[in-house]
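Protein sequence lines, in the order shown, are assigned to chains A and B. Residues 22 to 273 (our numbering) are what the first sequence spells out, left to right. Residues 103 to 412 (our numbering) are what the second sequence spells out, left to right. A virtual CB, placed ideally from N, CA and C, is assigned to each residue, including glycine. As the structure is a prediction and not an experimental result, all values here were calculated from the model.
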Amino acid sequence: MIDFRDVTKEYPNGTVALQDVNLHIAPREFVFVVGASGAGKSTFLKLLLHEEVPTSGSIRVGRFDLNSLTQKQIPLFRRQLGVVFQDFRLIPGMDVYDNIAFAMRVVGTKDKAIRERVNYLLQLVGLSLKIHCKPNELSGGEQQRVAIARALANMPDLIIADEPTGNIDPRMSQEILDLFVRLNEAGTTVVMVTHEHNLVRQYNKRIIILENGVIAADGGLRQPLSPPQMGNAWPPKPWHVPEPAIGRYEAM
Amino acid sequence: MGGGSGRVYLTRMGLRNVHNNRTMSVASVLVLISCLMLIGLVTLLAVNFNLMFSQFSSRNVVMAYLVPGQDRGTIDELKLKIEALPTVGGCEYVSSQQAFESVMRRNESDFKLLQDVDPAFMPDGFEVTPLSQSQLESTVEQLQQLDPAIESVRHFQGVAAQLSALEKALTILGAAVIGILLLVSVFIISSTVQTTMYARQQEIKVMKSVGASPAFIRWPFLVEGVVLGLAGSAAALLVVFLVYLGMDKVLEPLLDTLLGGYRLAPFKDQLKLLLPGFFAVGVLTGGVGSMVSITRYLKEKVYEKSELED
């Protein structure tokens, strides 16, 4: 699903945000990406969304080679993604139905299909009764559920979530995470950037830890996390485990 | 862009934008009206000036007035002599009676004033048309020396030359003014759409993040620009009509006195120039203005967090 090979991103001001990153995320995987400020999480997301291009190395997402993506292919590429932002990014003037339908209109879906899909998605996120509410009439958690429904509107293979629980209360955060897990169980790949270590700890999912632009650890909590994949090695060599990665994560 | 239903939806979105941003929409239409009104009035001025000039040119004859009391034989002989001049294209005898009647026709309102005047106070003469405008001066010189029976020769060559120069200057000035006003119109529409776009950056980013093509994103803004342009054109046409009507009423006596009965060109005759012109300008300025502004916003990123924020 996602392949980063020797990816380095250096900004014009000389900041090296990512350095020789190699990673592979398989279809149907659920991956948390964690790291402190300046670790390279945002650059990782920008590269995934093709907002930035790598200085060196190659990125592949699904059937798209992002290094050779033309301007015309960018919208097509983004249609296979569902993006969920921390600040929801709902359109204030539109009600819940239109905010979700909007994503389908963009790709030219017929009205009948839009109606059916939006109703299904609202049931999925438990907001059928709020169909005609404007975003400002919803709680943070409800707004994020609308944003998730919108991200799912075009049946993406991959959901990229940037701090989806950053602006909502803990109970609702749990519900949102559960929703992502259910989506993942239904076959959607999920990549979630988050600061919420307490939430991450509750799920036995793959965790990628970024530190100063490199992958400091990559693995699951109930199994040892791996140390960084090294240098130019591709495919990755069997990893040497110098310390239990779980300890490293717990120390963050 | 999406299918038919998508385009209908986007068009509705564009119309909704006009309504939602009504303060800016009204402001932009008002400024567009001002620009188009000036363009319209400059155009109408140019049209009238051309008309005036062509009417004046068609009257560009040399009058050769006779010493009073010439008999018919002398007049016929003189007519043959004038027609024989190499620069003369036509020659017509105008008796004092005919000249007087012509004056009466042009001054119907002053009929009572003129009805007691003896027509003989006007001299007999010949209306001589030169072969071309450039031969006017030599025709005048030849007529002055042709026969003692010709008392005086009158022509409007100086005025014609001045009018011609003025017409050229006005055409250039008019074109420059129209050009500048068009640019101003594009700028205004562009600024309006840009303002509304600034307020809707979020919407554009969401559109981009869900994979909207640039054409899909542009369409509502294009509709908005074109609608503003068309509304401005229609309103400006009405304003120009009313101003022109008022000008015709105010200027009528003045033009009558100064230009011998000249009336402003009827507005309905100018509609076939103004109607398509105004609507074309409205659609183009609206369309170009909105495209200019959105191009900038289409380059903006969907995801703007910096590394320091994450």
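Whose Cβ in chain B lies nearer than 9 Å to the Cβ of Pro20/A?
Residue 20/A lies beyond the stretch modelled for chain A, which goes from 22 to 273, so this question has no answer here.
Neighbouring residues, chain B, relative to Leu97/A (Cβ below 8 Å)
Within chain B, the residues near Leu97/A are Gly313.
Indicate the three-state DSSP secondary structure (helix, strand or coil) for Leu400/B in the structure shown.
Helix at Leu400/B.
Check Gly206/B in the structure and name its three-state DSSP category.
Checking the displayed sequence, the identity of residue 206/B turns out to be Met instead of Gly. In this structure, Met206/B counts as helix in the three-state DSSP scheme.
For the ligand MG, any of its heavy atoms closer than 7 Å to the Cβ of Ser292/B?
This structure lacks the ligand MG, and indeed carries no ligand of any kind.
In the DSSP assignment, find the beta strand (DSSP E) that holds Met115/A and state where it starts and stops.
DSSP places Met115/A outside any beta strand (DSSP E), giving it a letter other than H or E.
I'd like to know whether the C-beta atoms of Asp178/A and Thr210/A end up nearer to each other than 8 Å.
With contacts defined as CB atoms closer than 8 Å, Asp178/A and Thr210/A qualify as a contacting pair.
DSSP beta-bridge partners of Met165/B:
Per DSSP, Glu229/B and Arg256/B.
Could you tell me whether the Cβ of Lys226/A comes closer than 8 Å to any Cβ of chain B?
No - not a single Cβ of chain B is within 8 Å of the one on Lys226/A.
Would you check if the distance between the CB atom of Leu148/A and the CB atom of Glu163/A is smaller than 8 Å?
Taking 8 Å as the Cβ cut-off, Leu148/A and Glu163/A qualify as a contacting pair.
How far does the alpha helix (DSSP H) with Phe25/A in it extend, from its first residue to its last?
Where Phe25/A is concerned, there is no enclosing alpha helix (DSSP H), although the beta strand (DSSP E) it sits in stretches over Ile23 to Glu31.
Three-way DSSP call (helix, strand, coil) for Ile135/B in this model:
Helix at Ile135/B.
Assuming Lys183/B contacts Asp249/B under a Cβ cut-off of 8 Å, what Cβ separation, rounded to an integer in Å, is found between them?
Going by Cβ atoms, the distance from Lys183/B to Asp249/B rounds to 7 Å, so yes, they are a contact pair.
Just checking: is the beta-carbon of Glu305/B within a distance shorter than 8 Å of some beta-carbon in chain A?
With its beta carbon less than 8 Å from one in chain A, Glu305/B belongs to the interface.
State yes or no: is the beta carbon of Asn122/B nearer than 8 Å to at least one beta carbon in chain A?
Yes - at least one Cβ of chain A is within 8 Å of the one on Asn122/B.
For a contact defined as C-beta to C-beta under 8 Å, what are the partners of Ile112/A on chain B?
Here the neighbours are Gln304, Glu305 and Val308.
Checking 8 Å against the spacing of the C-beta atoms, do Leu127/B and Leu324/B come in under that value?
Residue identity differs from the one stated: residue 127/B is Ser in this sequence, not Leu. Using a Cβ distance threshold of 8 Å, Ser127/B and Leu324/B do not count as a contacting pair.
Taking Cβ positions only, does Phe323/B come closer than 8 Å to chain A?
Proximity of Phe323/B to chain A, defined by a Cβ-Cβ separation below 8 Å, is not satisfied.
Give the secondary structure of Met349/B by DSSP, where H, G and I count as helix, E and B as strand, and everything else as coil.
In the structure shown, Met349/B sits in a helix (DSSP, three-state: H, G or I).
Three-state secondary structure (DSSP) at Tyr141/A?
Note: Tyr141/A maps to helix in three-state DSSP.
With 16 as the cutoff for other CB atoms within 10 Å, does Gly171/B come out buried or exposed?
With fewer than 16 other Cβ atoms inside 10 Å of its own Cβ, Gly171/B counts as exposed.
Select from His153/A, Gly83/A, Asp108/A and Ala134/A the residue whose C-alpha is nearest the C-alpha of Asp116/A.
In terms of CA proximity to Asp116/A, His153/A leads the group His153/A, Gly83/A, Asp108/A and Ala134/A.
Interface flag, Asp412/B vs chain A, CB-CB below 8 Å:
Residue confidence is low: Asp412/B scores 47 on pLDDT, short of 50, so the model does not pin down where it sits. Its coordinate-derived value is still stated next. For Asp412/B, a Cβ of chain A is located within less than 8 Å of the residue's own Cβ.
Cross-chain neighbours of Ala124/A in chain B, by beta carbon under 7 Å:
What Ala124/A touches in chain B: Val312.
For a contact meaning CB atoms closer than 7 Å, what does Arg222/A contact in chain B?
Simply none; closest approach about 20 Å.
In chain B, which residues lie with their C-beta within 7 Å of the C-beta of Arg84/A?
Simply none; closest approach about 14 Å.
Relative to the C-alpha of Thr359/B, which residue among Ser197/B, Leu168/B, Val205/B and Leu146/B is closest?
Distance from the Cα of Thr359/B is smallest, within the candidate group Ser197/B, Leu168/B, Val205/B and Leu146/B, for Val205/B.
Using beta carbons (cut-off 8 Å, strictly below), is Tyr111/B in contact with chain A?
Taking Cβ atoms only, chain A reaches closer than 8 Å to Tyr111/B, which makes this a yes.
Counting contacts by CB-CB distance shorter than 8 Å, is Arg100/A in contact with chain B?
Yes, because at least one Cβ of chain B sits closer than 8 Å to the Cβ of Arg100/A.
Are there 16 or more other CB atoms within 10 angstroms of the CB of Asp412/B, so buried, or fewer, so exposed?
Summary for Asp412/B: the model assigns pLDDT 47, below 50, so the residue's position carries little reliability, and this model does not support an answer.
Alpha carbon to alpha carbon, how far is Leu231/A from Ile396/B? Give it in angstroms, no decimals.
Each residue's alpha carbon lies about 37 Å from the other.
Just the C-alpha distance for Val109/B and Ala60/A, rounded to the nearest angstrom, thanks.
With the sequence shown as reference, residue 109/B is identified as Arg, and Val is not the correct amino acid for it. Rounded to the nearest angstrom, the two C-alpha atoms are 43 Å apart.
Counting beta carbon pairs with one atom in the region 78-93 of chain A and one in the region 128-143 of chain A, are three or more of them shorter than 8 Å?
Short answer: they don't touch.
Excluding five sequence neighbours on each side, which residues of the same chain lie with their C-beta closer than 8 Å to the C-beta of Tyr364/B?
Around Tyr364/B: Met154, Gln157, Leu357 and Asp358.
Quick one: what does DSSP say Leu173/A is sitting in, helix, strand or coil?
Helix, per DSSP.
Within 8 Å, strictly: CB atoms of Lys155/A and Pro113/A
A distance below 8 Å separates the beta carbons of Lys155/A and Pro113/A.
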